[in-house]
Amino acid sequence: MENTTYALPATPKQIAYAHALALRNQTLLPWEVQQDRRSLSAWIDAQAKLKSGAQDSRPTSKQVAFAERLARIKRRAVPDECFRDKGLMSKWIDGNK
């Protein structure tokens, strides 16, 4: 008797979640990983632990809306660099309340 193990194929839900993680982390989902349930699960675990760097540094939509409202009231513009960094946006809001 041969001891042969067969890899189970990945489920559609796994593949969909993996695609969403790949998009969020701006990385490629390797074709080989998609063929095996266990390897895809390991890839998902590793990717889920990663934080997407670009999204974490950007200001939240609430910060942007509040800053724009302040800018209209004060009749000034929010500097462009504030839209790229959460900390800068926070400082601008604090200085213009």
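Quick note on numbering: the sequence shown equals residues 816 to 912 in the numbering used here.
Yeah, the Cβ is synthetic: ideal placement off N, Cα and C, and Gly gets one too.
Outcome for residue i when other beta-carbon atoms lying within 10 angstroms are tallied against a minimum of 16
{"i": "Leu855", "result": "buried"}
Where the alpha helix (DSSP H) containing residue i begins and where it ends
{"i": "Asp909", "result": "901 to 910"}
{"i": "Glu896", "result": "Glu896 -> no alpha helix (DSSP H), and no H or E assigned at all."}
{"i": "Ala880", "result": "876 to 889"}
Beta-carbon spacing of residue i, residue j below 9 Å
{"i": "Leu823", "j": "Arg852", "result": "yes"}
{"i": "Trp837", "j": "Leu843", "result": "It should be noted that the sequence gives Ala, not Trp, for residue 837. Yes, the pair counts as a contact, with Cβ atoms nearer than the cut-off."}
{"i": "Phe881", "j": "Ile908", "result": "yes"}
{"i": "Gln849", "j": "Ala831", "result": "no"}
{"i": "Asn911", "j": "Arg887", "result": "no"}
Cβ separation of residue i and residue j, assumed to be a contact under 8 Å, to the nearest whole Å
{"i": "Ser872", "j": "Lys906", "result": "That pair is no contact at about 14 Å."}
Problem set entry | Runs of beta strand (DSSP E) wholly within the stretch 829 to 855 (minimum 3 residues, chain order) | Fully enclosed beta strand (DSSP E) runs of 3 or longer: not present.
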